[in-house]
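Chemist:
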Amino acid sequence: MPPTEGTSASEESAGDKGCKASCGRCIWRMAQQPDTRYTYQWRIFTRWAQMCCSLVCGILFLILGGALWSVSASSEVVVAYQTGDTTKSLTLSEDLEGPVYIHYEIPSVLLNNKDYVISKDKDSVYTFFSAVNCDSADSREQVVRRRGLDTAFLSRVDAVNSTDLAPCGLVNIAMFTDSYALDRMDGPGNLQGIAIDESGVAWSTDDEAFDKVVEQASGSVYLKGDRLSWLSPGDFLEHWKVWQRTPPGQRVRNLWGVIEGGLTQGSYRIRFLENSPIWESWGVPERRVIISGKWSALGNQGAIQSVAGFMFAVAVAEIITFLVLLVGGFLAPSAPSRIVEVQLSPLNEADPEAPEPVVLGAPKKEPVHTARV
103 MPPTEGTSAS EESAGDKGCK ASCGRCIWRM AQQPDTRYTY QWRIFTRWAQ
153 MCCSLVCGIL FLILGGALWS VSASSEVVVA YQTGDTTKSL TLSEDLEGPV
203 YIHYEIPSVL LNNKDYVISK DKDSVYTFFS AVNCDSADSR EQVVRRRGLD
253 TAFLSRVDAV NSTDLAPCGL VNIAMFTDSY ALDRMDGPGN LQGIAIDESG
303 VAWSTDDEAF DKVVEQASGS VYLKGDRLSW LSPGDFLEHW KVWQRTPPGQ
353 RVRNLWGVIE GGLTQGSYRI RFLENSPIWE SWGVPERRVI ISGKWSALGN
403 QGAIQSVAGF MFAVAVAEII TFLVLLVGGF LAPSAPSRIV EVQLSPLNEA
453 DPEAPEPVVL GAPKKEPVHT ARV
């Protein structure tokens with residue numbers, strides 16, 4: 103008899119039920135697996151196993167942290183200076199392979215609050231959806247009030263034949279303008295100047311972020327809307343682009359220049375071509391020039407020391423855990439285990455009640471006799 107449409111549908115339904123039933127049985131068998139009889143895997147949670155694990159991890163993290171800290175120890179030279187300093191001497195104990203990077207660092211400065219970050223000129227930066235404004239920082243009077251002690255900065259603003267302050271904002275008024283020169287001292291009175299390249303300190307993507315700032319062939323800088331700016335073309339404009347990226351914390355560290363070819367060991371002198379006196383009045387105790395060699399594949403000194411500090415913290419925590427487990431094992435009282443064997447008699451029809459269990463090995467109490475005299 104040829105199969106009809108009804109019979110084929112019923113066979114297909116039966117096949118689906120059979121497949122679902124097989125899957126259900128497999129899942130049920132997996133869920134009803136008996137507990138394993140092996141208990142070796144639970145020994146890792148015992149006290150002695152945890153002590154060994156903590157000790158090994160502590161020693162391992164100490165070794166790794168010490169290795170990272172030693173790698174970062176000799177990669178940078180820091181020179182601190184204040185207002186009034188004209189020169190500073192430094193000595194390199196070993197050669198620094200090129201390129202050598204020169205950074206400036208400003209510690210303990212609050213430049214990460216919202217009022218400062220959004221105080222920029224909308225005609226100088228790419229804002230996307232962020233809001234920027236120049237409230238209370240949009241005129242030359244504000245520059246005099248906030249940075250009147252810095253005569254070099256005021257001369258830049260006054261040199262522009264315009265009443266407009268372009269760019270305006272607190273970020274631009276607080277721009278870092280210090281500049282340096284480096285000389286090698288081969289002997290008394292024998293100085294050899296070292297060339298520092300300041301042209302490529304900004305990111306390559308900054309050309310798009312600051313496309314509203316245009317350098318004219320005449321040597322002037324204009325913002326969007328043909329606003330004449332107090333910014334100078336060339337290297338000064340590169341430093342301005344770097345300064346626009348506000349720091350995430352209370353320390354500023356930006357690239358200032360690059361020395362190609364490296365530096366050999368010996369004595370050097372830093373000359374401060376411009377040393378702004380405004381930072382001490384703003385509460386900054388000192389500024390720093392950082393000379394660093396070729397960066398390691400692991401990062402700069404700050405990154406390496408941060409990872410090393412984290413490893414030291416983990417090592418200390420592991421060693422403390424080891425000591426706690428070690429001392430706790432000796433101080434904890436060890437109670438002897440008492441094994442109680444229970445013997446049960448089988449039930450029978452004549453005696454339907456279950457007999458009381460008989461405890462074997464339990465100590466018997468001796469009767470105490472008292473007598474009156």
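Just so you know, our numbering puts 400 at position 298 of the sequence shown, and the rest follows in order with no gaps. Beta carbons: idealized from backbone N, C-alpha and C, even for Gly. On a predicted model such as this, the values are computed, not experimentally measured, just so you know.
(1) Quick check on the DSSP output: the beta strand (DSSP E) that includes Asn-356 runs from which residue to which?
(2) Any beta-carbon of chain D closer than 9 angstroms to the one on Asp-285?
(3) State the DSSP-derived secondary structure class of Asp-299, mapped to helix, strand or coil.
(4) For Thr-348 and Gly-295, I'd like the C-alpha separation in whole angstroms.
(5) Quick check: the region 411 to 424 against the region 162 to 181, are at least 3 beta-carbon pairs closer than 8 angstroms?
(6) Using a Cβ-Cβ cut-off of 7 angstroms (strictly less than) and excluding sequence neighbours within five positions of Ala-239, which residues of its own chain qualify?
(7) Once DSSP output is grouped into helix, strand and coil, what is the label at Phe-374?
(8) Can you tell me whether Phe-53 is buried or exposed, with buried defined as 16 or more other CB within 10 angstroms of its CB?
(9) Can you grab the Cα-Cα spacing for the pair Arg-131 / Arg-145, in whole Å?
(10) Taking the C-alpha atoms as reference points, what is the distance between Ile-208 and Asp-308?
(11) Quick check on DSSP: helix, strand or coil for Arg-131?
(12) Quick check on Val-475: buried or exposed, where buried means 16 or more other Cβ atoms within 10 Å of its Cβ?
(13) Quick check on Ile-372: buried or exposed, where buried means 16 or more other Cβ atoms within 10 Å of its Cβ?
(14) Cβ atoms of Leu-293 and Ile-361: under 9 angstroms apart, would you say?
(15) I need the DSSP call for Arg-258, collapsed to helix, strand or coil.
(16) Is Gln-184 helix, strand or coil when you go by DSSP?
(17) Could you tell me the alpha carbon to alpha carbon distance between Ala-261 and Gly-302, rounded to whole angstroms?
(18) CB-CB under 7 angstroms to Val-386, same chain, minus the five flanking residues each way: which ones, in chain order?
(19) By the DSSP assignment, the alpha helix (DSSP H) with Met-413 in it spans what residues?
(20) Is it true that the CB of Ser-174 sits closer than 9 angstroms to the CB of Ile-406?
(21) Indicate the three-state DSSP secondary structure (helix, strand or coil) for Lys-190 in the structure shown.
Modeler: Judging by the given coordinates:
(1) Taking the sequence shown and counting its residues from 1, one reaches residue 356 at position 254. Per DSSP, Asn-356 belongs to the beta strand (DSSP E) from 353 to 361.
(2) The structure shown contains no chain D, having only a single protein chain.
(3) Counting from one through the sequence shown, the residue named residue 299 turns up at place 197. The answer is strand: DSSP assigns Asp-299 an E or B state.
(4) Numbered from its first residue, the sequence shown carries residue 348 at position 246. Numbered from its first residue, the sequence shown carries residue 295 at position 193. Going from the Cα of Thr-348 to the Cα of Gly-295 covers about 32 angstroms.
(5) yes
(6) Stepping through the sequence shown from its first residue, residue 239 is reached at position 137. The residues are Ser-221, Cys-270, Gly-271, Leu-272, Ile-275.
(7) As a first step, residue 374 must be located in the sequence shown, where it is residue number 272. Three-state DSSP puts Phe-374 in a strand.
(8) Since the displayed the chain opens at 103 and closes at 475, residue 53 lies outside it and no answer follows.
(9) One-based indexing of the sequence shown puts residue 131 at position 29. One-based indexing of the sequence shown puts residue 145 at position 43. Distance between the alpha carbons of Arg-131 and Arg-145: 28 angstroms.
(10) Translated into the one-based positions of the sequence shown, residue 208 becomes position 106. Translated into the one-based positions of the sequence shown, residue 308 becomes position 206. Distance between the alpha carbons of Ile-208 and Asp-308: 23 angstroms.
(11) The residue given as residue 131 occupies position 29 in the sequence shown. The answer is helix: DSSP assigns Arg-131 an H, G or I state.
(12) The count along the sequence shown starts at 1 and reaches residue 475 at position 373. Legend: pLDDT at Val-475 = 42, less than 50; position of this residue unreliable, no value from coordinates given.
(13) Here residue 372 refers to the residue found at position 270 when the sequence shown is read from its first residue. Ile-372 should be labelled buried.
(14) The sequence position of residue 361 within the sequence shown is 259, counting from 1. The sequence position of residue 293 within the sequence shown is 191, counting from 1. No; because the gap between Cβ atoms is not below 9 angstroms, this pair is not in contact.
(15) Here residue 258 refers to the residue found at position 156 of the sequence shown. Arg-258: helix per DSSP, three-state reduction.
(16) The count along the sequence shown starts at 1 and reaches residue 184 at position 82. Note: Gln-184 maps to coil in three-state DSSP.
(17) Residue 261 sits at position 159 when you count from the first residue of the sequence shown. Residue 302 sits at position 200 when you count from the first residue of the sequence shown. Straight-line Cα distance between these residues: approximately 26 angstroms.
(18) By one-based count along the sequence shown, residue 386 stands at place 284. Cβ neighbours of Val-386 beyond the five flanking positions: Ile-208, Ser-210, Val-211.
(19) Stepping through the sequence shown from its first residue, residue 413 is reached at position 311. Looking at the DSSP string, the run of the alpha helix (DSSP H) that includes Met-413 is 403 to 433.
(20) The residue labelled residue 406 in the question sits at position 304 within the sequence shown. The residue labelled residue 174 in the question sits at position 72 within the sequence shown. It is a contact, given that the beta carbons lie within the stated cut-off.
(21) The count along the sequence shown starts at 1 and reaches residue 190 at position 88. Looking at Lys-190 - three-state DSSP - the assignment turns out to be strand.
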